[in-house]
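A short write-up of the structure that comes next.
Chains as they are written, first to last, in the numbering used here: chain A, 1 to 116; chain B, 1 to 116.
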């Protein structure tokens with residue numbers, strides 16, 4: 001079975017500082033990895049994905065994530081945080097070798113707060 | 001294109017009552033998914049439609065939940081009778097055939113269900 005862990009329920013960072021939101025995963029086969037963001041009273045918005053290729057993927061709003069196969073991690077990063085980045089972030093994985101390949105498995109979410 | 005629309009946005013019902021949630025996917029999207037987030041935990045898969053057919057309903061918690069997608073357009077998720085543990089946010093997502101798995105789905109803003 002596949003699983004995702006987001007070890008931090010809450011991350012606080014000062015505006016202008018770099019931010020990292022952590023994600024580790026467990027799958028039996030090869031993973032497709034995703035980050036989604038939920039702003040207050042909004043739906044989940046796709047940020048970025050790793051399918052194959054370069055381990056460093058870039059997404060919307062200046063976010064990037066690095067796929068690390070040996071550490072089974074896919075941490076979300078941004079060099080300089082903005083107050084407007086404050087939101088709930090979800091990491092998700094799809095095991096492409098699984099029979100339930102089309103569904104996503106999500107982590108429990110990390111609330112990011114960027115302080116002015 | 002219009003996004004995935006869910007309504008109601010909020011619903012408060014008493015234990016034992018019936019509630020029906022609706023999802024209108026993006027026009028032309030054959031894949032439709034239901035997910036839910038309960039008690040601030042991870043977002044969990046409920047089921048997947050391809051057009052009007054249930055492709056995977058392995059995540060449906062019990063037979064109090066009934067999902068339909070007549071005509072392959074909008075979908076409804078009925079909870080009857082509702083229990084306290086059904087409280088949470090119910091998300092709908094859609095994608096074109098062959099794309100969602102690789103490109104991420106488009107999610108709606110969710111329905112917040114509170115059972116009292």
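Even glycine gets a Cβ: it sits at the ideal position worked out from N, Cα and C.
{"Query": "Could you give the first and the last residue of the continuous beta strand (DSSP E) run that contains residue 75/A?", "Result": "73 to 78"}
{"Query": "Taking only three categories from DSSP, how would you classify residue 70/B?", "Result": "helix"}
{"Query": "Just mark residue 92/A as buried or exposed, buried being the case when its beta carbon has 16 or more other beta carbons within 10 Å.", "Result": "buried"}
{"Query": "Who are residue 104/A's beta bridge partners in DSSP?", "Result": "Residue 104/A is not bridged to any residue."}
{"Query": "Let me know the secondary structure DSSP gives residue 86/B once reduced to three states.", "Result": "helix"}
{"Query": "Does DSSP put residue 97/A in a helix, in a strand, or in coil?", "Result": "coil"}
{"Query": "For chain B, is any of its Cβ atoms less than 9 Å away from the one on residue 65/A?", "Result": "no"}
{"Query": "Can you give me, in chain order, the residues of the segment 76 to 97 of chain A that have a beta carbon less than 7 Å from any beta carbon in chain B?", "Result": "90 and 94"}
{"Query": "Would you mind stating whether residue 14/A and residue 88/A have Cβ atoms separated by less than 9 Å?", "Result": "no"}
{"Query": "Rank 113/A, 83/A and 77/A by C-alpha distance to the C-alpha of residue 19/A and give the top, closest one.", "Result": "77/A"}
{"Query": "Assign residue 79/B to one of three DSSP states: helix, strand, or coil.", "Result": "strand"}
{"Query": "Whose C-beta lies closer than 7 Å to the C-beta of residue 95/A among residues of the same chain, with five residues either side of it excluded?", "Result": "2, 27, 28, 29, 31 and 101"}
{"Query": "Which whole runs of the beta strand (DSSP E) in the segment 8 to 51 of chain A are 3 residues long or more, in chain order?", "Result": "10 to 14, 19 to 21, 24 to 26, 31 to 38 and 44 to 50"}
{"Query": "Given residue 10/B, which residues of its chain have a CB within under 6 Å of its CB, disregarding the five upstream and five downstream residues?", "Result": "112"}
{"Query": "Listed in chain order, which residues of the segment 38 to 52 of chain B have Cβ atoms closer than 8 Å to some Cβ of chain A?", "Result": "40, 41, 42, 43, 44, 45 and 48"}
{"Query": "Since I believe residue 52/B is in contact with residue 69/B (beta carbons under 8 Å), could you give me their beta-carbon distance rounded to a whole number of angstroms?", "Result": "5 Å"}
{"Query": "Residue 117/B: which of 40/B, 3/B, 81/B and 67/B sits nearest, CA to CA?", "Result": "Nothing about residue 117/B can be read from this structure; chain B reaches only from 1 to 116."}
{"Query": "Name the two residues that bound the continuous beta strand (DSSP E) containing residue 6/B.", "Result": "5 to 7"}
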